[in-house]
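Note sheet for the following structure.
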Amino acid sequence: MDLKDLYREVILDHNKSPRLYGKLEPADSSADGHNPLCGDRLHITVRLEGDRVSDLRFEGKGCAISVASASLMCEAVKGKRRDEISHLFHEVHEVLTKHDAPVPEDLGKLAALSGVREFPVRVKCASLCWHTLNAALERSATTVKTE
Amino acid sequence: MSANPKAHGGYDVDKVWRDFPILAREVHGRPLVFLDSAASSQRPRSVIEAVDAYERLHHANVHRGVHQLSQEATAMFEHARERVRGFVNAASIREVIFTRGTTEAINLVAQSWGRNQLKRGDEILLTALEHHANIVPWQLVAEQTGAVIKVASMDRRGVVSLDDVAANLSDRTRIVACAHVSNALGTVLPVREITGLAHARGALVLLDGAQAIPHQRVDLAELGCDFYAFSAHKMYGPTGIGVLVGREALLDAMPPWQGGGDMILTVSFEKTTYNELPFKFEAGTPNISGAVGLAAAIDYIESLGIDRIHAHEQRLLEDATRKLLRVPGLEIIGTAPEKAAVISFTLDGIHPHDLGTILDAEGVAVRTGHHCAMPVMEFFNVPATARASFACYSRETDVDALTRALARAREVFS
Chain A
1 MDLKDLYREV ILDHNKSPRL YGKLEPADSS ADGHNPLCGD RLHITVRLEG
51 DRVSDLRFEG KGCAISVASA SLMCEAVKGK RRDEISHLFH EVHEVLTKHD
101 APVPEDLGKL AALSGVREFP VRVKCASLCW HTLNAALERS ATTVKTE
Chain B
148 MSANPKAHGG YDVDKVWRDF PILAREVHGR PLVFLDSAAS SQRPRSVIEA
198 VDAYERLHHA NVHRGVHQLS QEATAMFEHA RERVRGFVNA ASIREVIFTR
248 GTTEAINLVA QSWGRNQLKR GDEILLTALE HHANIVPWQL VAEQTGAVIK
298 VASMDRRGVV SLDDVAANLS DRTRIVACAH VSNALGTVLP VREITGLAHA
348 RGALVLLDGA QAIPHQRVDL AELGCDFYAF SAHKMYGPTG IGVLVGREAL
398 LDAMPPWQGG GDMILTVSFE KTTYNELPFK FEAGTPNISG AVGLAAAIDY
448 IESLGIDRIH AHEQRLLEDA TRKLLRVPGL EIIGTAPEKA AVISFTLDGI
498 HPHDLGTILD AEGVAVRTGH HCAMPVMEFF NVPATARASF ACYSRETDVD
548 ALTRALARAR EVFS
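Structure representation (structure tokens):
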């Protein structure tokens, strides 16, 4: 168990200066993420162009892992299609939870989160933002459908 | 330092530390520094051995068989009850009810007393620093009966004001339920005064003693409260057993809250007559080995002396408070003048969960989170805190290890 593996430079950097932090107004969809156990709170707003997340922001409070993960996620998914995002989510989830899963090359900076899997109680911190983004995208999908 | 035991009234903390086998283990290749006793304390060898001997030599069901083992188990179980009675100075063993813990003890009162006594518009008075275990049972019974929950406030130090308690008492107040010691802040509440105020308005008083019982002498005859609840595992005993002490006249008038074996005298399909106190409230086979362990824990505490434990912990609290306040960016949450050996804190720029992980990597176990007291976190406007809590076995070197680990956390986040 090595702390340097958890708190890598990239993580510390994104915690200190989170990218895409804030709120889009107006936004096409939004969702709140809350981890009642540790009090982490997250609000994500997204703008959509067709099937693509053209822009997004997050704001909220949480530990370094949750803030950095949200920041890295926002950077990674901005401009991507829904199917690309859900593929990324799947890959990140594998990396976070499967002890010896190889880290896919297309993860880019998100690979910095792979240290989290040595700290099982912290996996929730890293995945909160992804579940929140998912909720925002599903909500917009529902909205699209009902309209 | 304990090198000179005479300096501290003969309290030899190193010897006490050696009584707890688990404290000698390592965590992540480093010596364990256990500073999470307020969540659950560790057990001394004597408790482990008492439970082990019971399991190996004496176990059978209690209050049932005529055979030798059942008689031995019954004698040990009832001996434990008498030990508890003496420890808290309750009037009679009829007032000592074994439960699963503090939470179940409070639920027992809320459901047995509250559900039958509370009427629409009656008031239950809590304080702002309660543990969820002393909030939620009252919310449940308030929903069931139409009673109303009121909350006495605290100030920025975490002190509950007696004036505010008095101001919140009314002719409709039926019970005041409050902590004896706050788990999240360490505040010792003026429970004798609160009890006096409540009784003057005709309200009952339940004290959540979970965080008080390991740290200071609890004399129920002196406190004068109506119900007192605590758990064995916070006072060096096993998990899964706790105690409700209640005034006999009140318990007598309360209906059973769970039905089953042991709590009855006779059962027919038409009519059941209930057993006498305390068995009326102990349906089913109890946690016998837990009670045996609790009795051994009381023996252990008394062998050290609760007043000497208190003095030791207060010295440590003072030392730790002084050293922690020297850590740049550290803020102590809960600064009441009278505190148990519990220090909640935040470190500027480092979230408590990151702190918890880094401290753990250094072998230092602290609690991080909301401490089952979300309203307290809300009041202080923090999502969570880190909490170091001390026990009879905690040493000055543990405090030093904590401050070193905090410096390490600063390094990681620099």
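If you're matching them up, the sequences are chains A and B in order.
The working numbering numbers the first residue of the first sequence as 1 and each following residue consecutively.
The working numbering numbers the first residue of the second sequence as 148 and each following residue consecutively.
Yeah, the Cβ is synthetic: ideal placement off N, Cα and C, and Gly gets one too.
When rounded, the separation of the alpha-carbon atoms in B:GLY510 and B:VAL523 is 28 Å. For B:GLU270, no alpha helix (DSSP H) segment is defined; the enclosing uninterrupted segment is the beta strand (DSSP E) at 270-274. Contact annotation, B:VAL513 with B:ALA535: C-beta distance approximately 5 Å; criterion of less than 8 Å satisfied. B:HIS500 has its alpha-carbon roughly 11 Å from the corresponding atom of B:LEU494. Shown here, B:MET301 sits in a strand according to DSSP, grouped into three states.
Residue pairing by DSSP places B:SER491 opposite B:ILE480 and B:ARG534 in a beta bridge.
At a Cβ-Cβ threshold of 8 Å, B:ILE497 and B:THR468 do not count as neighbours. Membership of A:SER54 in the beta strand (DSSP E) is indicated by the continuous run 52-61. Here B:ARG339 carries a helix assignment [DSSP, helix/strand/coil].
B:ALA326: member of the beta strand (DSSP E) spanning 320-326, first to last residue. B:THR432 sits in coil when the DSSP states are folded into three classes, being neither helix nor strand.
In this structure the region 250-263 of chain B touches the region 275-295 of chain B; the number of beta carbon pairs closer than 8 Å is three or more. Judged by DSSP in its simplified three-state form, B:PRO178 adopts strand. Put simply, the region 422-430 of chain B does not touch the region 332-340 of chain B. Fewer than three CB pairs are less than 8 Å apart. A:LYS109 has its alpha-carbon roughly 20 Å from the corresponding atom of A:THR132. Excluding the 5 residues flanking it on each side, A:SER29 has same chain C-beta neighbours closer than 6 Å at VAL46, ALA136, ARG139 and SER140, in chain order. The beta carbon of B:PHE428 sits no closer than 8 Å to any beta carbon of chain A.
The beta-bridge partner set that DSSP reports for B:TYR421 consists of B:ILE411. Note on B:GLY176: under 16 other CB atoms within 10 angstroms of its CB, so exposed under the neighbour-count rule.
Secondary structure at B:SER450: helix, using DSSP grouped into helix, strand and coil. In the DSSP assignment, A:SER66 falls outside any beta strand (DSSP E) and lies within the alpha helix (DSSP H) extending over 64-77.
Within 10 angstroms of the beta-carbon of B:GLN358 lie 16 or more other beta-carbons, which makes it buried.
Chain-order list of chain B residues neighbouring A:PHE119: THR504, by C-beta distance under 8 Å.
Note on geometry: alpha-carbon atoms of B:SER188 and B:ARG319 lie some 39 Å from one another. Relative to A:ASN35, the option among A:GLY79, A:ARG19, A:GLY62 and A:LEU24 whose CA is nearest is A:GLY62. The shortest C-alpha to C-alpha distance from A:LYS16 to any of A:GLU84, A:LEU24 and A:LEU72 is the one to A:LEU72.
For B:PHE374, the enclosing beta strand (DSSP E) begins and ends at 374-378. With fewer than 16 neighbouring CB atoms inside 10 Å of its own CB, B:LYS266 falls in the exposed class.
Where B:THR515 is concerned, the enclosing beta strand (DSSP E) starts and stops at 514-516.
Spanning the alpha carbons of A:TYR7 and B:ASP161 requires a straight line of approximately 36 Å.
If you look at B:PHE245, you'll find it in the beta strand (DSSP E) that goes 243-246. Taking one beta carbon from each stretch, the region 343-354 of chain B and the region 364-376 of chain B have 3 or more pairs nearer than 8 Å; the two touch.
Judged by pairs of C-beta atoms under 8 Å, the region 179-187 of chain B does not touch the region 203-220 of chain B, as fewer than three such pairs exist. For A:CYS125, the C-beta contacts it makes with chain B under 8 Å involve HIS500, in order along the chain. When DSSP states are grouped into helix, strand and coil, A:ALA31 belongs to the strand group. Between B:VAL298 and B:THR274, the C-beta gap is smaller than 8 Å, which places the two residues in contact.
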